[in-house]
Amino acid sequence: MTPLDRPSLTSTQFKKFADFIYDISGIRFQEAKNYFLASKLDMRKKDLNMSSLDEYYNFIIRQPKMSREIELLLNEITINETFFYRNTAQLDSYNKDILMDIIAQKRAKGDKRLRIWSAASSTGDEAYTLIMDMLEKNLHREFTIEIVGTDISQKALGVAKEGVYKKYAIRNIPPHLLRKHFTILDEHNYKLSDEIKRYGTFKHCNLSDAMNCRALGKFDIVFCRNVLIYFDRESREQVLTNIYNNMNDNAFLLVGHSENLYAERHLFEICKDKLQALAYKKAPKGTEKARV
Numbered sequence: 202m203t204p205l206d207r208p209s210l211t212s213t214q215f216k217k218f219a220d221f222i223y224d225i226s227g228i229r230f231q232e233a234k235n236y237f238l239a240s241k242l243d244m245r246k247k248d249l250n251m252s253s254l255d256e257y258y259n260f261i262i263r264q265p266k267m268s269r270e271i272e273l274l275l276n277e278i279t280i281n282e283t284f285f286y287r288n289t290a291q292l293d294s295y296n297k298d299i300l301m302d303i304i305a306q307k308r309a310k311g312d313k314r315l316r317i318w319s320a321a322s323s324t325g326d327e328a329y330t331l332i333m334d335m336l337e338k339n340l341h342r343e344f345t346i347e348i349v350g351t352d353i354s355q356k357a358l359g360v361a362k363e364g365v366y367k368k369y370a371i372r373n374i375p376p377h378l379l380r381k382h383f384t385i386l387d388e389h390n391y392k393l394s395d396e397i398k399r400y401g402t403f404k405h406c407n408l409s410d411a412m413n414c415r416a417l418g419k420f421d422i423v424f425c426r427n428v429l430i431y432f433d434r435e436s437r438e439q440v441l442t443n444i445y446n447n448m449n450d451n452a453f454l455l456v457g458h459s460e461n462l463y464a465e466r467h468l469f470e471i472c473k474d475k476l477q478a479l480a481y482k483k484a485p486k487g488t489e490k491a492r493v
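Residues in the sequence shown are numbered consecutively from 202, following this note's numbering.
Structural data, given as structure tokens:
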């Protein structure tokens with residue numbers, strides 16, 4: 202397809218679709234994503250045998266939020282770039298400085314329950330990475346472990362629940378863990394063991410929806426990496442408020458390398474002794490809201 206053949210949206214169309222997607226997901230598309238969004242919408246239009254994107258728009262705005270077509274649209278427009286053991290330097294710091302800090306606190310209190318939230322889990326690579334590392338430390342013998350992965354894409358969640366991955370996704374897994382926890386299905390596909398899968402629970406969740414998030418309960422550690430960049434300032438504030446409300450008082454939040462929470466310093470303060478982990482804790486109550 203040449204650049205001239207690529208579907209595109211007029212400014213009016215782009216604003217209508219972008220506003221609609223924002224309303225149902227909290228994700229804000231910028232004009233630079235015109236061709237990306239147009240191509241995804243064009244796929245849905247063709248699948249429904251519709252003649253124009255305007256016809257598709259008039260159809261989609263009449264659908265209930267939990268309709269099959271809304272689900273299919275969100276599957277198309279969400280970006281699921283992920284793989285096992287992504288950003289190993291951060292994970293190493295997490296395992297040493299964050300996880301063991303929480304474990305020490307729980308041992309001191311006699312608390313035997315450990316809950317971790319992979320807040321934008323996509324196909325489950327991050328959540329399963331965390332589980333493999335905890336089993337290597339034999340923490341499952343001492344604690345009741347629950348890893349909850351959430352995503353807005355039902356398609357991605359389906360992959361997570363099935364546990365079958367391509368070579369690209371598993372390329373960073375240490376060889377001994379790959380041999381231990383995966384079965385080769387064919388030259389392209391690897392299946393994760395039930396031993397690992399049993400510790401993971403995957404649920405549909407819109408991070409900007411307070412009720413969706415509240416239903417998940419409280420967590421000791423939250424991973425929300427490489428997703429805040431897709432929200433505008435208002436939605437980002439809502440997402441982080443929801444995460445804040447789902448964290449235990451001494452919980453940690455880990456974000457991606459391109460993200461920082463300076464604008465939300467009334468909610469979170471960075472852990473200066475854990476910089477490589479990109480970790481934050483709840484700000485003290487009464488911290489003044491950031492002026493940015």
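Note that CB positions come from ideal geometry on N, CA and C, so glycine has one too.
Note that the structure is a prediction, hence the values are computed from the model and not measured.
Per DSSP, the bridge partner or partners of residue i
i	result
R314	T345
S480	Reading off the sequence, residue 480 comes out as Ala, not Ser. Its beta-bridge partners are L455.
E470	K482
N390	K367
M251	In the DSSP output, where bridge partners are listed per residue, M251 has none listed.
G401	I348
I228	F432
M333	Paired residue(s): none; M333 is not in a bridge.
C425	V456
T384	K392
M448	F420
S319	G350, F424
Contact under 8 angstroms by Cβ, residue i with residue j
i	j	result
Q306	N451	yes
S394	A361	no
K475	I262	no
Q397	M301	The sequence given here has Ile at residue 397, not Gln. Result no, Cβ atoms of I397 and M301 do not sit closer than 8 angstroms.
M448	F420	yes
F344	R314	yes
G401	A328	yes
K392	G364	yes
F432	I303	no
A478	L455	yes
N373	F285	yes
K482	C472	yes
A309	V423	no
Residue from the options whose Cα sits closest to the Cα of residue i
i	options	result
H389	H377, R314, Y366	Y366
I317	S212, D302, K310, I348	I348
L242	C472, A480, G457, N276	N276
E272	L358, I374, V423	L358
E270	D248, P208, K473	D248
K338	P208, M412, K297	K297
D325	I346, S294, I371, T289	It should be pointed out that residue 325 corresponds to Gly in this sequence rather than to Asp. Out of I346, S294, I371, T289, I371 has the C-alpha closest to the C-alpha of G325.
I353	A484, Y223, P485	Y223
S212	S226, Y236, I225	Y236
Q231	L274, K473, I278, L455	I278
K246	Y481, I346, L274	L274
L331	K356, K216, H377, D293	D293
L254	K216, R434, F285	K216
Y369	N281, A480, E256	N281
Q214	R434, N413, E435, E256	E256
A480	Y295, L378, I225	Y295
I225	S409, R415, I422	S409
P375	A416, R287, R434	R287
Cβ-based neighbour list, residue i, same chain, cut-off 7 angstroms, excluding 5 preceding and 5 following
i	result
V493	Note that V493 scores 41 on pLDDT, short of 50, meaning its location in the model is unreliable and no value can be drawn from it.
F218	L210, L238, L242, Y258
T283	S323, T324, D326, E327
I346	L315, M335, L340, Y400
A290	Q477
M244	E277
Q355	E272, N276, H405
Residues near residue i in its chain [Cβ-Cβ closer than 8 angstroms; skip 5 each side]
i	result
F221	Y258, I261, I262
A411	Q439, T442, N443, N446
H341	M335, Y400
R207	Y236, A239, S240
L386	V365, K392
R434	A464
M251	Y257, F260
L378	M333, E337
Contacts around residue i, its chain only, beta-carbon distance under 6 angstroms, and the 5 residues preceding and following it disregarded
i	result
R437	L429
T384	K392
N413	C406, N407
Residue i beta carbon near the ligand SAM (any heavy atom closer than 7 angstroms)
i	result
L254	The ligand content of the structure shown is nil, which means the ligand SAM is not present either.
Residue-level contact to chain D via CB, residue i, 8 angstroms cutoff
i	result
G364	Among the chains of the structure shown, chain D does not appear; only one protein chain is present.
Quick test of the definition: if touching needs 3 or more C-beta pairs under 8 angstroms, does the region 443-461 touch the region 423-431?
The region 443-461 makes contact with the region 423-431, as at least three CB pairs between them are under 8 angstroms.
Looking at C-beta atoms only, is the number of pairs between the region 264-274 and the region 465-472 that lie closer than 8 angstroms three or more?
no
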